[in-house]
Amino acid sequence: MADATLDATVGHVDPDDTSSLQTIELTVNGQTHTLTLEPNVVLLDALRERLNLTGAKKGCDHGQCGACTVVIDGRAMNSCLLLAALAEGQDITTIEGLADEDGTLHPIQQAFLEHDAYQCGYCTAGQMMMATSILNDKDIAKDPASIKEAMSGNICRCGAYKNILDAVQSAHRTIEGA
Amino acid sequence: MQSFELIRPESVKDAIGAQSERSAFIGGGTTLVDLMKLGVMQPDHVVDTNRLGLDEIEALDDGRLKIGARVSNSRLAIDARVERDYPVLSQALLSGASTGLRNMATTAGNVMQRTRCPYFRDPAKPCNKREPGTGCSAMDGINRNHAVLGTSEHCIATHPSDMCVAMAAIGATVVVEGRKGTREIPFEDFHLLPGDHPEREHDLRSDELITHVVLDAPLEGAVSTYLKLRDRASYEFALASCAAIVTLEGTKVTAARIALGGVATKPWRAVDAEAALVGEEATAKMFEQVALLAFQRAMPLEHNAFKVELGQQAIARALRDAVQQASQGEHQ
Chain A
-9 MADATLDATV GHVDPDDTSS LQTIELTVNG QTHTLTLEPN VVLLDALRER
41 LNLTGAKKGC DHGQCGACTV VIDGRAMNSC LLLAALAEGQ DITTIEGLAD
91 EDGTLHPIQQ AFLEHDAYQC GYCTAGQMMM ATSILNDKDI AKDPASIKEA
141 MSGNICRCGA YKNILDAVQS AHRTIEGA
Chain B
6 MQSFELIRPE SVKDAIGAQS ERSAFIGGGT TLVDLMKLGV MQPDHVVDTN
56 RLGLDEIEAL DDGRLKIGAR VSNSRLAIDA RVERDYPVLS QALLSGASTG
106 LRNMATTAGN VMQRTRCPYF RDPAKPCNKR EPGTGCSAMD GINRNHAVLG
156 TSEHCIATHP SDMCVAMAAI GATVVVEGRK GTREIPFEDF HLLPGDHPER
206 EHDLRSDELI THVVLDAPLE GAVSTYLKLR DRASYEFALA SCAAIVTLEG
256 TKVTAARIAL GGVATKPWRA VDAEAALVGE EATAKMFEQV ALLAFQRAMP
306 LEHNAFKVEL GQQAIARALR DAVQQASQGE HQ
């Protein structure tokens, strides 16, 4: 079974030794999944390798780039540094869960399209997840300086920052006007 | 990452019972998971603290503020009581890391945050902190980011926290619980100087868990600021930072708390500078003079000598910014 190989890759353990495996439930984009995995699996790997949700990206794998950002109980977090087991019982939203079920894009997705707020796109899912949590956070001001400060943990190697900022401000106006 | 057993206790007592020499507590995991991936920390057991409660912020009758170990850096920074009574702490927290990391990072985890010394973070390099007796690679290496205060011949690693610098200035107590009961450790005694044992970073026994940090009552009428100087404007560790809290009577300083980050091996209270400032006129010239005192015993190395002057400027500027608030009628 292909999954067994994946388990071994993700957990870096002998696939025949199942002694430390644990079963957890993760609620991702409204769906609850039961997973059996090694305790050292981080949420990012569980999402990508086990649930095939590959929108969240592995950039630095050390909390330095923000490409893995997902939203957990309304707050953006670096899924590369979060043990999957510790996310049990919480509402996890990934980029795959951002648009409406009928395909209508979230205002931040629409704004990224309209403002051409990406080049290679590798950081984009993380940028948008961080942006959505900031837009929902009443404690973060929405002036350019505050948005830049709040999003400074999301690195864009292409340097699309100007358009990202434009997109976030535009989405803010859309949401406020709605 | 090496595998480990994940233990998820539901009470502080069970968490302490599960703790051993070969285990580590996990809060948000922003330091521990990072260092486990690097192979720098390799616990056999990871004891999860996320089911222990310890997530309240409580005002005590004596004017102090009791912060649960698990309160996130984000939440602490925007707590109305912290913003009102300890704005320097709020500023320090918000200057640290990124939004995502602050959402994960906990109060106790930040107290236990480990150094960013690149030689400590690389298991292929000798490091007395990671492997006692192997030598210090930073001493003759690229030591631009390293400490000039509180160093020893065995370790010059900088303490990386911003939050702890503000807490050092405010004054605080670390409340810990172990098999023999609870203990209160003054914040200034919690982190240890490297000395001959850089592997010992704090006064926590192997069975003890931080349950709370209690901030001293705020100084009445004080003004304060946290100034952080770094290579880029956001999402970067301090090269030098200063938390300054002062009270004034007219133009004279009546009390001063000055703590430094980015330049020392632990959150650093500049007591000589504080003592020299009390009773003096709050002038830019005086701030520059006392700033010199804070670095009298600095031990700069090949690449970090600039931190002496930068740290002095951080103190002088932080004091100036704080006092400017007083003249504008803004308190603390």
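Heads up: the sequence lines are chains A and B, in that order. Residues -9 to 168, numbered by the numbering used here, are exactly what the first sequence covers, in order. Residues 6 to 337, numbered by the numbering used here, are exactly what the second sequence covers, in order. Glycine included, C-beta positions come from ideal geometry on N, C-alpha and C.
One question on the structure: do residue i and residue j come within less than 7 angstroms of each other, judged by their Cβ atoms?
i	j	result
B/Thr54	B/Gly32	yes
B/Arg86	B/Leu70	yes
B/Ala222	B/Gly68	yes
A/Ile62	A/Gln117	no
B/Ala299	B/Ala331	no
B/Ala260	B/Phe292	no
B/Gly316	B/Ala245	yes
B/Ala7	B/Gln47	Strictly speaking, residue 7 of chain B in this sequence is Gln, with Ala absent from that position. A contact, by the Cβ cut-off of 7 angstroms.
A/Ala157	B/Thr104	no
B/Gln24	B/Val51	no
B/Asp167	B/Gly101	yes
B/Thr252	B/Asp326	no
B/Val93	B/Ala248	yes
A/Ser142	B/Tyr240	yes
A/Thr22	A/Glu15	yes
B/Ala280	B/Val170	no
B/Arg149	B/Leu43	no
Using a 10 Å radius around the Cβ and a threshold of 16 neighbouring Cβ atoms, would you call residue i buried or exposed?
i	result
A/Cys110	exposed
A/Cys148	exposed
A/Thr94	exposed
B/Phe30	buried
B/Lys233	buried
A/Ile82	buried
A/Ala47	Checking the sequence shown, residue 47 of chain A turns out to be Lys, not Ala. By the neighbour-count rule (16 or more Cβ atoms within 10 Å), A/Lys47 is buried.
A/Arg163	exposed
B/Arg27	exposed
A/Asp92	exposed
B/Met16	The sequence shown places Ser at residue 16 of chain B, rather than the Met named in the question. Result: exposed.
B/Phe9	buried
B/Asp201	exposed
A/Phe102	buried
B/Phe242	buried
A/Asp129	exposed
Tell me the rounded alpha-carbon separation between residue i and residue j.
i	j	result
B/Leu220	B/Arg75	15 angstroms
B/Glu193	B/Ala303	19 angstroms
B/Ser157	B/Val313	17 angstroms
B/Ile215	B/Asp208	11 angstroms
B/Thr270	B/Pro199	7 angstroms
A/Asn144	A/Met120	8 angstroms
B/Asn115	B/Pro203	19 angstroms
B/Gly183	B/Arg210	8 angstroms
A/Val31	B/Arg119	22 angstroms
A/Asp40	B/Thr111	The sequence shown places Arg at residue 40 of chain A, not Asp. If you take the alpha carbons of A/Arg40 and B/Thr111, they lie about 28 angstroms apart.
B/Lys134	B/Ser142	11 angstroms
A/Pro29	A/Leu43	20 angstroms
A/Thr(-5)	A/Thr13	Only weak support is given to the placement of A/Thr(-5): the predicted model assigns it a pLDDT of 40, under 50, and the question is left unresolved by the model.
B/Pro165	B/Phe195	15 angstroms
B/Pro272	A/Val60	32 angstroms
B/Asn309	A/Leu72	34 angstroms
B/Asp236	A/Ala57	22 angstroms
B/Gly155	B/Glu88	31 angstroms
A/Ala150	A/Ala131	21 angstroms
B/Val295	B/Arg107	33 angstroms
B/Thr187	B/Val180	7 angstroms
B/Cys132	B/Ile175	32 angstroms
What does residue i touch in chain B if you count any residue whose Cβ is under 7 angstroms from its own?
i	result
A/Met67	Gly105, Asn108 and Met109
A/Asp129	Ile83
Which residues of chain B have a Cβ atom closer than 8 angstroms to the Cβ of residue i, listed in chain order?
i	result
A/Asp51	Lys42
A/Gly56	Ser103 and Gly105
A/Gln59	The sequence as given places Thr at residue 59 of chain A; Gln does not occur at that position. Ordered by position in chain B, the residues that pass the 8 angstroms Cβ test against A/Thr59 are Gly105.
Answer yes or no: the CB of residue i versus the heavy atoms of the ligand FMN, is any distance below 6 angstroms?
i	result
B/Ala303	As presented, the structure is devoid of all ligands, the ligand FMN included, so that no description of it is given.
Strictly below 7 angstroms CB to CB, what residues from chain A border residue i?
i	result
B/Tyr240	Ser142 and Gly143
B/Phe9	Pro29 and Asn30
B/Asp39	His52, Gly53 and Leu71
Whose Cβ in chain A lies nearer than 8 angstroms to the Cβ of residue i?
i	result
B/Gly73	Result: empty, since nearest Cβ-Cβ is about 17 angstroms, beyond 8 angstroms.
B/Gly34	Leu71, Leu72, Leu73 and Leu76
Can you list the residues of chain A that residue i reaches, using a CB-CB cut of under 9 angstroms?
i	result
B/Asp53	Leu73, Ala75 and Leu76
### Query
Relative to chain B, which residues along the stretch 10 to 36 of chain A have a C-beta separation below 8 angstroms, given in chain order?
Ser10, Gln12, Glu28, Pro29, Asn30 and Val32
### Query
Got a sec: which bits of the stretch 138 to 149 of chain A sit with their beta carbon under 9 angstroms from any beta carbon on chain B, in order along the chain?
The residues in question are Lys138, Glu139, Ala140, Met141, Ser142, Gly143, Asn144 and Ile145.
### Message
By the 8 angstroms beta-carbon criterion, what residues does the stretch 113 to 124 of chain A contribute toward chain B?
### Response
Answer set for the stretch 113 to 124 of chain A: Met120, Ser123 and Ile124.
#### Entry: Contacting positions in the stretch 259 to 270 of chain B - beta carbon closer than 7 angstroms to chain A
Listed by position along the chain: nothing, the set is empty.
### Query
Going along the stretch 272 to 305 of chain B in order, which residues come within less than 8 angstroms of chain A, judged by CB to CB distance?
none
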